[in-house]
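Written out below as structure tokens is the structure these notes cover.
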Amino acid sequence: MDMAINFKPLGRDGMSARVADDIPEGWCVNLGVGIPTAIANYVPLDREVIIHSENGLVGMGPAPAPDKANPWLVNAGKQQVTMRQGGAYVHHADSFALIRGGHLDLCVLGAFEVAENGDIANWATSFSANAAAPAVGGAMDLCVGAKRLWVVMPHTSKKGESKLVRKCSLPLTALGCVTRIYTDLAVIDVTDKGFEVIEMIPGMTFEALQEKTAAMLHKVE
Amino acid sequence: MINKIVQTMADAMAGIEDGSTVLVGGFGDVGQPLHLIDGLIEQGAKDLVVVSNNSGVGRVGLARLFSVGRVRKVICSFPRSSDPVVFEELYRAGKLELEIVPQGTMAERMRAAGAGIPAFFTPTGVGTKLAEGKESREFNGRTCILENALRGDLALVEAWQADRWGNLIYKDSGRNFNPVMAMAADLTIVQSQHMADLGELNPEHIVTPGVYVDRVIHVPYDKA
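In the order they appear, the protein sequences are chains S and L.
Each residue of the first sequence is one higher than the one before, starting from 39 at the first, in my numbering.
Each residue of the second sequence is one higher than the one before, starting from 49 at the first, in my numbering.
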């Protein structure tokens with residue numbers, strides 16, 4: 039009989055907060071839509087992180103107070119935001135020059151799958167005529183352009199399938215780009231050896247984590 | 049005297065031909081020139097190819113242009129933006145051709161067109177479905193794919209302030225694709241919230257110099 043394992047996976051906010059802890063002052067960071075967007079809420083304003091939004095914001099601030107809403111100022115997810123002191127606007131070609139040109143210290147994206155070689159799939163689930171249209175947005179540019187690419191996502195899909203895989207089965211967004219993964223169960227670096235577990239939530243064991251992961255996990259040496 | 053200001057929407061839209069490639073500014077509906085799109089619908093050009101980041105919100109603007117059957121093909125990065133009801137209906141019915149382009153590649157293809165660069169190599173998209181059929185080459189050990197410039201017959205642009213030379217200033221994130229599209233089309237038409245006298249706009253603040261602009265119409269409105 040196995041010992042009962044007692045752990046509580048992080049929620050979406052917990053994952054966002056955990057990523058925010060690792061972003062140091064001075065970095066220029068792009069946060070993708072979904073869970074990554076909420077990371078901004080956990081970076082205190084007195085830690086000066088320059089948040090970039092693909093639609094031309096360099097130095098984005100938090101959501102506005104209800105009486106200060108500005109319909110002309112939105113983030114990549116089209117939610118209303120603010121600019122912080124020191125922020126600047128650029129047009130779209132310049133915004134992606136900043137991305138592709140290696141000026142982002144970090145990009146954090148969500149994903150459907152990440153492979154042990156750093157491949158990422160996060161833009162399309164199907165190209166069949168009956169499916170929803172595929173939509174890539176800025177993901178392919180962000181993956182190849184940022185100095186570091188972190189992924190934040192639940193460890194398994196809603197069906198319980200591992201989102202960390204040996205090889206992606208869904209259409210790829212970019213090759214070999216992901217450097218670290220934050221899940222609701224662990225923090226995992228993508229290294230030359232593959233997935234290397236650097237942190238687990240309280241109560242989680244390496245063996246239990248391996249059972250939930252469709253690729254070999256390695257312990258940090 | 050240079051005067052690019054037109055008084056009526058009919059004058060703004062004069063001469064637009066069927067089959068035109070139309071660059072439409074905006075990110076979602078922010079910076080999307082809604083009134084010019086309505087003017088284009090009124091003008092009647094059909095069989096259009098629309099280049100825009102998204103594919104319409106609700107049933108107004110771009111979505112309305114799609115719903116009245118004037119668009120053959122849309123080139124965009126993210127067709128599934130907030131509330132793309134009209135696009136989804138037409139796409140599922142096979143009535144609208146879709147070309148997906150990574151957002152940065154789309155912006156750069158138009159910038160290149162405006163800058164006289166016929167094509168460029170980029171690492172974006174390498175190894176993905178969007179690289180299929182494209183020429184690739186290695187630079188400093190990194191594989192890149194060749195992307196062609198993307199020019200419009202027409203660009204529809206929204207500005208915040210304009211003068212009679214066509215100099216433009218944008219508002220907040222309403223800037224987005226507008227300056228890039230303004231330089232990438234044979235005919236650039238602008239709707240502007242505010243009009244300024246020549247000399248009133250600070251040269252340090254002008255984002256789009258008037259040389260890229262052909263026609264300006266004053267369209268003040270409240271944005272909800």
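Backbone N, C-alpha and C define an ideal beta-carbon position, used for all residues, glycine too.
Please determine, among the options, the residue with the shortest C-alpha to C-alpha distance to residue i.
i: Lys201(S); options: Leu213(S), Arg186(S), Met242(S), Leu223(S); result: Leu223(S)
i: Ala58(L); options: Ser68(L), Gly74(L), Gly92(L); result: Gly92(L)
i: Cys215(S); options: Glu63(S), Asp84(S), Arg186(S); result: Arg186(S)
i: His253(L); options: Leu144(L), Ile217(L), Asp131(L); result: Ile217(L)
i: Thr153(L); options: Ala163(L), Trp213(L), Arg190(L), Gly173(L); result: Gly173(L)
i: Pro104(S); options: Gln118(S), Val112(S), Ala114(S), Asn113(S); result: Gln118(S)
Between the alpha carbons of residue i and residue j, how many angstroms are there, rounded?
i: Ala275(L); j: Gly232(S); result: Nothing can be reported for residue 275(L): it is not among the residues displayed for chain L, which extend from 49 to 272.
i: Ala58(S); j: Glu237(S); result: 15 Å
i: Leu96(L); j: Gly87(L); result: 14 Å
i: Val259(L); j: His256(S); result: 59 Å
i: Ala171(S); j: Val203(S); result: 25 Å
i: Ser184(L); j: Val146(S); result: 28 Å
i: Arg263(L); j: Asn215(L); result: 11 Å
i: Ala101(S); j: Glu92(S); result: 17 Å
i: Ile226(S); j: Val152(S); result: 11 Å
i: Thr120(S); j: Asn108(S); result: 8 Å
i: Pro192(S); j: Gly175(L); result: 25 Å
i: Met39(S); j: Glu195(L); result: The predicted position of Met39(S) is uncertain, since its pLDDT is 41 and thus under 50; a value taken from the coordinates is nonetheless stated next. Cα-Cα distance, rounded: 59 Å.
i: Val67(S); j: Gln123(S); result: 16 Å
i: Asp143(S); j: Val122(L); result: 33 Å
i: Leu249(L); j: Trp110(S); result: 20 Å
i: Ala78(S); j: Met49(L); result: 50 Å
i: Leu198(L); j: Val72(L); result: 13 Å
i: Ala62(L); j: Val189(S); result: 49 Å
i: Gly200(L); j: Thr69(L); result: 5 Å
i: Thr56(L); j: Gly67(L); result: 23 Å
i: Lys46(S); j: Pro82(S); result: 26 Å
i: Asn155(S); j: Ala253(S); result: 11 Å
i: Lys197(S); j: Ser221(L); result: 38 Å
i: Tyr269(L); j: Pro251(L); result: 25 Å
Could you please give the first and the last residue of the uninterrupted beta strand (DSSP E) stretch that includes residue i?
i: Gly148(S); result: Run containing Gly148(S): none; DSSP gives neither H nor E here.
i: Phe244(S); result: Looking at the DSSP string, Phe244(S) is not in any beta strand (DSSP E); the run it does join, the alpha helix (DSSP H), is 244-249.
i: Ser184(L); result: 184-187
i: Gly198(S); result: Note, Gly198(S): premise wrong, no beta strand (DSSP E); not H, not E.
i: Arg190(L); result: 190-196
If contacts are defined as beta-carbon pairs under 8 Å, then residue i and residue j qualify, I think. What distance do you get, rounded to the angstrom?
i: Ala212(S); j: Ile158(S); result: 6 Å
i: Val174(S); j: Ser125(L); result: 6 Å
i: Thr243(S); j: Ile43(S); result: 6 Å
i: Val98(L); j: Ser129(L); result: Not really, about 14 Å apart at Cβ, beyond 8 Å.
Kindly indicate the opening and closing residues of the alpha helix (DSSP H) around residue i.
i: Phe114(L); result: 110-115
i: Val182(S); result: 177-183
i: Val40(L); result: The first residue shown for chain L is 49 and the last is 272, placing residue 40(L) beyond what the model contains.
i: Thr75(S); result: 73-76
i: Glu90(L); result: 82-91
i: Val228(L); result: 226-230
i: Asp51(S); result: 50-59
i: Phe233(S); result: Looking at the DSSP string, Phe233(S) is not in any alpha helix (DSSP H); the run it does join, the beta strand (DSSP E), is 232-238.
i: Phe168(L); result: Careful: Phe168(L) lies outside any alpha helix (DSSP H), inside the beta strand (DSSP E) at 167-170.
Would you check whether the ligand COA has a heavy atom nearer than 7 Å to the C-beta of residue i?
i: Gln118(S); result: Because no ligand of any kind appears in the structure shown, any question about the ligand COA cannot be addressed here.
Hey, residue i and residue j: beta-carbon distance below 8 Å or not?
i: Asp211(L); j: Ala233(L); result: no
i: Ile237(L); j: Val205(L); result: yes
i: Ile73(S); j: Met53(S); result: yes
i: Ile64(L); j: Leu202(L); result: yes
i: Pro150(L); j: Leu110(L); result: no
i: Val258(S); j: Val228(S); result: no
i: Leu144(L); j: Phe114(L); result: yes
i: Phe187(L); j: Phe169(L); result: yes
i: Gly148(S); j: Tyr127(S); result: no
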